[in-house]
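Below is one structure, written out as structure tokens; comments come after it.
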Amino acid sequence: MQAGAQQYQNFKVSVYTRAYEVEKMKDSHWLDSTWRIISEQVKPDRIYLETHRDLLIVPDATLRKAIRFFKDKGLEVGGGITYTIDESNSFETFCYTNPEHRKKVQEIAEHTARYFDDFILDDFFFTSCKCPLCIEAKGDMSWTEYRLKLMTEAGKTLVLDPARKVNPNVRVIIKYPNWCDHFQGLGFDLEHGPHLFDGVWTGTETRDPSSAQHLQNYLSYNVFRYLDNLRP
Numbered sequence: 005m006q007a008g009a010q011q012y013q014n015f016k017v018s019v020y021t022r023a024y025e026v027e028k029m030k031d032s033h034w035l036d037s038t039w040r041i042i043s044e045q046v047k048p049d050r051i052y053l054e055t056h057r058d059l060l061i062v063p064d065a066t067l068r069k070a071i072r073f074f075k076d077k078g079l080e081v082g083g084g085i086t087y088t089i090d091e092s093n094s095f096e097t098f099c100y101t102n103p104e105h106r107k108k109v110q111e112i113a114e115h116t117a118r119y120f121d122d123f124i125l126d127d128f129f130f131t132s133c134k135c136p137l138c139i140e141a142k143g144d145m146s147w148t149e150y151r152l153k154l155m156t157e158a159g160k161t162l163v164l165d166p167a168r169k170v171n172p173n174v175r176v177i178i179k180y181p182n183w184c185d186h187f188q189g190l191g192f193d194l195e196h197g198p199h200l201f202d203g204v205w206t207g208t209e210t211r212d213p214s215s216a217q218h219l220q221n222y223l224s225y226n227v228f229r230y231l232d233n234l235r236p
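To get the numbering used here, take the position in the sequence shown, counting from 1, and add 4.
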């Protein structure tokens with residue numbers, strides 16, 4: 005595979021890799037054998053390497069090794085962040101009112117910007133927290149009003165500004181979920197967010213209709229049109 009050579013005529017293929025799998029890339033045998041299986045089935049042009057999920061932060065040495073591996077294969081390499089505390093615990097996210105959590109969010113953004121000129125915020129950049137700190141800060145606002153204000157501020161203050169300070173060339177792409185009925189209630193500001201960030205990830209997602217969220221397969225078509233019109 006030649007560097008910069010597109011594998012398909014009419015589209016490009018990207019692979020998004022969770023922090024759990026990126027962390028395993030420290031093992032050269034695992035990395036090489038796993039990628040061989042994937043690349044035999046599909047011809048990717050780009051890979052996104054996630055740096056954090058569920059408080060797992062991929063070490064510097066592993067990131068450097070993985071980046072070098074995929075660039076040597078001719079792929080474009082970007083980063084990714086999932087801001088979860090414990091995804092298995094009802095999708096537990098960070099509390100963006102808590103000073104300690106805010107500090108960690110910023111550190112993760114800075115860590116990621118050091119290695120990548122573009123990274124995706126996976127679709128967990130929201131909050132469902134109702135801790136005493138949030139209740140006090142909310143005051144007379146509704147939860148929707150407070151979370152919209154909070155997450156817009158957090159996006160700029162904790163992610164964008166610190167990332168750009170570390171890497172002036174970085175592009176931060178926001179990825180929204182496909183449960184659009186509840187966006188605003190959990191802090192996804194569709195009025196300002198799409199223009200605050202450098203881009204909106206627009207793609208299809210097929211979920212499991214038998215899961216707790218009951219997300220039907222056809223929603224992947226609906227969300228594509230919906231997101232495509234947020235920032236045409």
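Glycine residues also receive a C-beta, built at the ideal position from the N, C-alpha and C atoms.
A distance of 8 Å or more separates the beta carbons of residue 211 and residue 173. In the pairwise beta carbon analysis, the segment 151-160 is classified as touching the segment 98-110: at least three pairs are separated by under 8 Å. Considering only 127, 65, 67 and 93, the residue with the shortest C-alpha distance to residue 192 is 127. For residue 87, the closest C-alpha among the options 112, 176 and 195 is that of 112. Nearest to residue 190 by C-alpha distance, out of 32, 95, 46 and 164, is 95. Using a C-beta cut-off of 8 Å, the segment 115-132 makes contact with the segment 52-59, since at least three inter-stretch Cβ pairs fall below that distance.
The alpha carbon of residue 66 has as its nearest neighbour, out of 79, 12, 23 and 137, the alpha carbon of 23.
Its Cα nearest to that of residue 21, the residue 39 stands out among 31, 39, 14 and 12. In this structure, the straight-line span from the alpha carbon of residue 220 to that of residue 213 is close to 5 Å.
The three-state reading of DSSP puts residue 175 in strand, counting E and B together. Taken atom to atom, the span from the alpha-carbon of residue 34 to that of residue 205 is near 29 Å. Within the segment 22-105, the complete beta strand (DSSP E) segments of 3 residues or longer fall at 50-57, 80-85 and 88-90, listed in chain order. In this structure, residue 71 keeps its C-beta atom at 8 Å or more from the C-beta atom of residue 62. Nearest C-alpha to residue 76 among 194, 229, 49 and 133: 49. Residue environment: residue 150 is assigned as buried (16 or more neighbouring CB atoms within 10 Å of its CB, all protein chains considered). Residue 123 is bridged by DSSP to 83 and 176.
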